[in-house]
Structures are given as C-alpha cells and as structure tokens.
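Note sheet for the following structure.
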Amino acid sequence: MIRKPYSSVVIILTCIGMLLYACRDEALDTPPLNEADGTLTIKELRELYTGQQVRFEQNIAVYATVTMDESSGNIYRNIYIQDETDGINVRMDFASNLREGDRIRLALKGTVLSSYNNMLQLDSVAFGKNLIRQESTDAITPETVVITDILTGNYQASLVKIEGVQFSVNDLGKTFANVADGTSENRTLTDCNNNTIIVRTSPFADFANELVPEGHGSLVAVVSQFGNVWQLLVRHFEEIDMTGERCDSGEPSGQGTFDDPYNVAHAITFNSGIGVWVEGYIIGVMEDMGGSNAPAFEPPFVRTTNILIADDPEEREDIRIMPVQLPIGRVREALNLVNNPENLGKPVKLKGNLAAYFTPRPGLRDVSGYWLDGQGIGDGGVWDNLTTMSISAVRALDTGSATSIPGNRMIQGIVISDKDAANITGRNLNIIDENDGTGILLRFISNHNFSMGARIRVEVSELELSRFNGLLQVNNIPNNQAELISMTSIPAPEETTIENILGNMAHFESRLVKLTGVTVSGGANWGGSRTLNDGTGTITHFTTNYSTFANTAIPTGKVNLTGIVAVFNSPQINIRNLSDIE
Numbered sequence: 417m418i419r420k421p422y423s424s425v426v427i428i429l430t431c432i433g434m435l436l437y438a439c440r441d442e443a444l445d446t447p448p449l450n451e452a453d454g455t456l457t458i459k460e461l462r463e464l465y466t467g468q469q470v471r472f473e474q475n476i477a478v479y480a481t482v483t484m485d486e487s488s489g490n491i492y493r494n495i496y497i498q499d500e501t502d503g504i505n506v507r508m509d510f511a512s513n514l515r516e517g518d519r520i521r522l523a524l525k526g527t528v529l530s531s532y533n534n535m536l537q538l539d540s541v542a543f544g545k546n547l548i549r550q551e552s553t554d555a556i557t558p559e560t561v562v563i564t565d566i567l568t569g570n571y572q573a574s575l576v577k578i579e580g581v582q583f584s585v586n587d588l589g590k591t592f593a594n595v596a597d598g599t600s601e602n603r604t605l606t607d608c609n610n611n612t613i614i615v616r617t618s619p620f621a622d623f624a625n626e627l628v629p630e631g632h633g634s635l636v637a638v639v640s641q642f643g644n645v646w647q648l649l650v651r652h653f654e655e656i657d658m659t660g661e662r663c664d665s666g667e668p669s670g671q672g673t674f675d676d677p678y679n680v681a682h683a684i685t686f687n688s689g690i691g692v693w694v695e696g697y698i699i700g701v702m703e704d705m706g707g708s709n710a711p712a713f714e715p716p717f718v719r720t721t722n723i724l725i726a727d728d729p730e731e732r733e734d735i736r737i738m739p740v741q742l743p744i745g746r747v748r749e750a751l752n753l754v755n756n757p758e759n760l761g762k763p764v765k766l767k768g769n770l771a772a773y774f775t776p777r778p779g780l781r782d783v784s785g786y787w788l789d790g791q792g793i794g795d796g797g798v799w800d801n802l803t804t805m806s807i808s809a810v811r812a813l814d815t816g817s818a819t820s821i822p823g824n825r826m827i828q829g830i831v832i833s834d835k836d837a838a839n840i841t842g843r844n845l846n847i848i849d850e851n852d853g854t855g856i857l858l859r860f861i862s863n864h865n866f867s868m869g870a871r872i873r874v875e876v877s878e879l880e881l882s883r884f885n886g887l888l889q890v891n892n893i894p895n896n897q898a899e900l901i902s903m904t905s906i907p908a909p910e911e912t913t914i915e916n917i918l919g920n921m922a923h924f925e926s927r928l929v930k931l932t933g934v935t936v937s938g939g940a941n942w943g944g945s946r947t948l949n950d951g952t953g954t955i956t957h958f959t960t961n962y963s964t965f966a967n968t969a970i971p972t973g974k975v976n977l978t979g980i981v982a983v984f985n986s987p988q989i990n991i992r993n994l995s996d997i998e
C-alpha cells in the first residue's frame, strides 16, 4: 500500500456531515451496539487529530482487522488495528481476548483520539461495548519495507515486514528484554547501509528471554513511536527469520595496538575503544553532496576534515567503509586528500577513538596518531618524532617579517605568565627556557589552560613566527599541539635596570626581570598605562582593564617590581599579579 502524509479533515466532514463534536466535557453515553450514523476509515480517523484530543459523541463506526493482540505479552491492554487505508493503536479499558485476524466493529462514541509522545491512539475503548468482534478472517499481510521507509514517518501503527536486516553486533548474546529486573529493553536493528531502528520488547513477552538472532534476514512487526524515536514491536518470535549470512564489514582481526592494529572490519563491527590503533587503506573522503554526506572516491576532493579507510584499496561497498575524523593540526595536514592527493590508496595506521561519525556510521574520531610511509605520530605522540629546538634558536629565525619555523620541531619551557590574574589575553602565554631564561610569546588558536609554573612542550612545526606591534610571537598554535609535562618552580627573574633593558631589548624581550627602587606614576590604580622609574630611566607598564588588579591602587613609595618585558610599539614591563610587587 502506498502511503501519503495525512491530509485535511475537510473531506471527512463532507462525507459524514455534522456527526462529530470535539473536545466536550459532558458525560459520555453508551453507544448503541447495532446502529451507526456513519463510518470512517482509519485514515479518515487519523486526519481528525490536529494537535488537540478529539472526544467522540456520535455513533460513528470504524471497521478494521486486528494486526497485533496481547497474546504474546509484548503489549498489554492494547491492540493494533488496520484497514486498507491505515493503522492505529487502540488502548483498552481492560484486557481482551481478541486475536490477530479478527474483524472488528469499533463504535467511536465515548472514545478519545489523542497523541501520547507522538503516537496516535484511540483511548477509553471497552471490549464488548465500543469494540465488537464480528468474525475471524485471514490475517492482514504485512507490507514489505526497509528501515528507511519506516523512518519517513508514513507507517505508524502499521504491520510491516522488514527485509535485509540484522541485529547490531553490540546486541548479540543479549536477550530481547531483562526478565529478571522486569524492564523493557531496546535492541538495535540495522541494515547493510548502517540505517538503524529500535526493536523494543516487554519483559512479559513470551520471547523476552530468547537471545537475539545472530544472522541476517527479516522480521514482522508493528511500527510504534515514542517521541522522535521509531520503534518496532515484534508480535511473535517465530516471525523473525534471520538465518542468512550477516552483511557485516568482514572478518574482524587485530588487538588495537600499534604493532597489531584492528582492521577496518573490527573497527566497524565493534566500534568501541579509546586510543586504539586501526589500519586500512585511504580510499576517499566523505563529501557534502548537496546537503547530504556521501563517499567520494575520485579526486578532486573538497573536504580536509576527514578521510575514508577500508581493508581493500578498491573497496566501494558502504558497509565496509569507515570515515575518519582529522582534527586540526599535524594529523589533518599530513593525511587530508585535498593537500595530499598522493595519499589516495596508501595504507595507514591511525590512533583514535572508535565512535559514530557521520551518524549513524561507525567511525574513528579524535585521531591523535598516524603512521604513513614509515613516519608520523606513534604511541609516544608527536614528541617522539620531533626535534627539540631552543627558544633562542626560534628567536634567531626572526627576519622582521613573518616567516615559518622548520618542520618537525618542538620547544619546551616554563610558563611565566598568569592567565588567572588576566593581565594577558587568554590565548597568549609567555614561556622561558629554564636553562638560560630566553623567552617568547606563544599565541594559541583559542584560550589555553596552562597555569604559571607549567613546564610544557609545544609542537611549532611550520608555524608562523611574526611580530605583532613589535613583539615576537609564535602565532596560531593549535591547542592540541601543546602538552603539560609537569608543574615546577619558576626560575628567579634576572635583576637589571630600566636603562639596561632599553639598551638590550634583543636580549630582554619576553624575559622575566626584577627592578629595584621603582616608583609608579600616571594614575590612581593599576588599570591602563602607567610609568615606571627606577632612577636609571622610565618605561611603560600596562594593565588590562579585565585583569584582577586593574582597580587596585598603585603604591605611593618605591617598590621592587618583577615583570615580563614586552613590546607594544615601544618597550614595556608588565607585572603578572600583585605578588610581583614588594
């Protein structure tokens, strides 16, 4: 039967005249059993519901056939009925002995048409009063569908036979429901294209203790809905026919380690695990095809954010292909097919988290490691494959204009800036070499979490080295390219004078220094630009208006002051917090 979305109620009213009054509160009369003022098809009945419950007060009848009864125990005080136009759930005042295939007459007077969590139902129905068995006929033949047909929403309360399906591998070995705890449970039914739908079973069903079948095939069920979730209600265990060979991705293998990675078949079939290695061939990209995602296997490619892998470089079957998320940074730069078309067809190892990606596809997300052409990021992370570069060596690359740091490089140092006191933007931090005190400003893509005293390492491969208003910085660092090594004490500041700083900015820029006998002038509190004078010269101090001490009064006498040497068009010294004042 071909189904269409529910239409206007106007046609129905034309057919039955002024027989129906909705939403009235008077007491309900017992309808006559043998006479009806009109009839409705189930499709016409469903169309009467427009968002408000409908209370029937006229002797209108519906004739239909029972498609699901209570005999298996999977539903209680419910039946499902269907005619040649549609189906609906009928909620009974008490249990009945109706059976599938019974032809019934349903007098609507005294019943209520309503929606419960988006499931349309006819409520307050009394067997033997509203509902009368007329005869037992041949059962309705279920309509053969696939999962995507049901997900259109046009089969609610209908009896269907779903072909080309199997239970999710994660549900194999489980029973349909939890009889011991008395709880209904969901099992996931999937097809060979990773479309899924829920099979929900009551613990009182006579097949609740049966193991879900392990094979591939079909089942007969009634379509139900709860909220936005489509569900299937199985009538009888015998109506599940899954003896065929499963259409899973292949023979799973591997241990998920670098030396013995999972194959793609294992990753797709089980799709669970944090920080595991998966090996396969790069075969394409999941592209945006006019608003929907679909695999693309031939260049040119557009997306840099993912790749597709499979156990066979020529694989094109959707069920055997897995998308891989490429996070910003070295992994994306090395693997994406837009910038690296030569990677197509190559074997690759990838370390990440197995989870749904481009839902409901099994995927590999948050990739932190890769191995391609004998190099990459192994179990030790990027650091095992990088050359440590001193901060002074990085500074020596400065040419006065933007340049790139060489590839496969990292720096290490101690954070001397204080993000918590906020006299520095959250994306920036100052780091110094713990051996010689050389410093540099690091600017991340987003706010970082490194506190003062953090010993960190940062991959700076091919990042931009440039000056912003005169201050040298490593720019646009992906946050996942920096890692905390440990917390430690900050080296003692270099004691000097303002005159010495101004005469040797190439040495002092971004270092931690200490001045003695300093007076602070230019305002009542720290906020904004102030002038420091130690008797040898003057230099600007700047405090952000969002720092924790911006509104604190500046000292009136001489102080000893620790701060970071900076540049904003001209030299500055900026304290980190009020502990920098003695």
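The numbering of the sequence shown is the working numbering, which starts it at 417 and goes up by one.
C-beta: ideal position from N, C-alpha, C; glycine also.
Secondary structure at residue i, three-state DSSP: helix, strand or coil?
i: Phe595; result: For the record, residue 595 in the displayed sequence is Val; it is not Phe. DSSP places Val595 in coil when its eight states are reduced to three.
i: Leu429; result: Confidence in Leu429 is poor, its pLDDT being 36 and thus under 50, which makes the residue's placement unreliable; the coordinate value appears in the next sentence. Three-state result, Leu429: helix.
i: Leu751; result: helix
i: Thr685; result: helix
i: Ser902; result: strand
i: Gly919; result: helix
i: Ile556; result: coil
i: Ala982; result: strand
i: Glu442; result: In this prediction, Glu442 scores a pLDDT of 36, lower than 50, which makes its location untrustworthy; no coordinate-derived value is stated.
i: Arg651; result: coil
i: Glu579; result: strand
i: Arg992; result: coil
i: Gln468; result: coil
i: Ile987; result: It is worth fixing the name first, because residue 987 is Pro in this sequence and not Ile. DSSP places Pro987 in strand when its eight states are reduced to three.
i: Ile699; result: strand
i: Pro739; result: strand
i: Val482; result: strand
How far does the beta strand (DSSP E) with residue i in it reach, from first residue to last?
i: Val934; result: Leu928 to Ser937
i: Gly633; result: His632 to Phe642
i: Ile504; result: Gly503 to Met508
i: Val783; result: Pro778 to Leu788
i: Ile807; result: Unbroken run through Ile807 is the alpha helix (DSSP H), Ile807 to Arg811; no beta strand (DSSP E).
i: Ile848; result: Asn844 to Ile848
i: Asn892; result: Leu887 to Ile893
i: Ser708; result: Ser708 to Ala712
i: Gly944; result: Gly944 to Asn949
Label residue i either buried or exposed according to how many other C-beta atoms from any shown protein chain fall within 10 Å of its C-beta, with 16 as the threshold for buried.
i: Phe510; result: exposed
i: Met705; result: exposed
i: Leu567; result: exposed
i: Asp834; result: buried
i: Ser963; result: buried
i: Met484; result: buried
i: Ala621; result: buried
i: Glu667; result: exposed
i: Pro715; result: exposed
i: Thr854; result: buried
i: Ile901; result: exposed
i: Ser574; result: buried
i: Phe884; result: exposed
i: Ile989; result: buried
i: Pro763; result: exposed
i: Pro909; result: buried
Mind reading off the beta-carbon distance from residue i to residue j? Whole number of angstroms is fine, and I expect it under 8 Å.
i: Gln469; j: Ser530; result: 4 Å
i: Asn941; j: Asn967; result: 5 Å
i: Val615; j: Leu648; result: 5 Å
i: Gln537; j: Asn505; result: 4 Å
i: Pro778; j: Met738; result: 6 Å
i: Thr457; j: Thr501; result: 4 Å
i: Gly684; j: Trp646; result: Residue identity check: residue 684 is Ile in the sequence provided, not Gly. Rounded, the Cβ-Cβ distance is 23 Å, inconsistent with contact.
Can you tell me where the alpha helix (DSSP H) holding residue i begins and where it ends?
i: Ala771; result: That residue, Ala771, is in no alpha helix (DSSP H); its beta strand (DSSP E) goes Pro763 to Ala772.
i: Lys459; result: Ile458 to Glu463
i: Thr564; result: Ile563 to Leu567
i: Arg825; result: Element bounds for Arg825: not the alpha helix (DSSP H) but the beta strand (DSSP E), Arg825 to Val831.
For residue i, collect the residues of the same chain with a Cβ closer than 7 Å to its Cβ; drop the 5 residues on either side in sequence, then sort them by chain order.
i: Pro743; result: Asp782, Val783 and Asn896
Identify, in the order they occur along the chain, each residue of the same chain with its Cβ nearer than 8 Å to the Cβ of residue i, setting aside the five sequence neighbours on each side.
i: Leu879; result: Ser820, Ile821, Val890, Asn891, Asn892 and Ile893
i: Arg843; result: Arg859, Phe860, Ile861, Ser862, Asn863 and His864
i: Ala922; result: none
i: Gln572; result: Gly503, Met535, Leu536, Val639, Ser640 and Gln641
i: Ile807; result: Ile827, Gly829, Ile847, Ile848, Asp849, Thr854, Gly855 and Ile856
i: Asp996; result: Leu977, Thr978 and Gly979
Got a sec? Which residues, its chain only, sit under 6 Å from residue i by beta carbon, not counting five neighbours each side?
i: Thr553; result: Gly517 and Arg519
i: Ile991; result: Gly979
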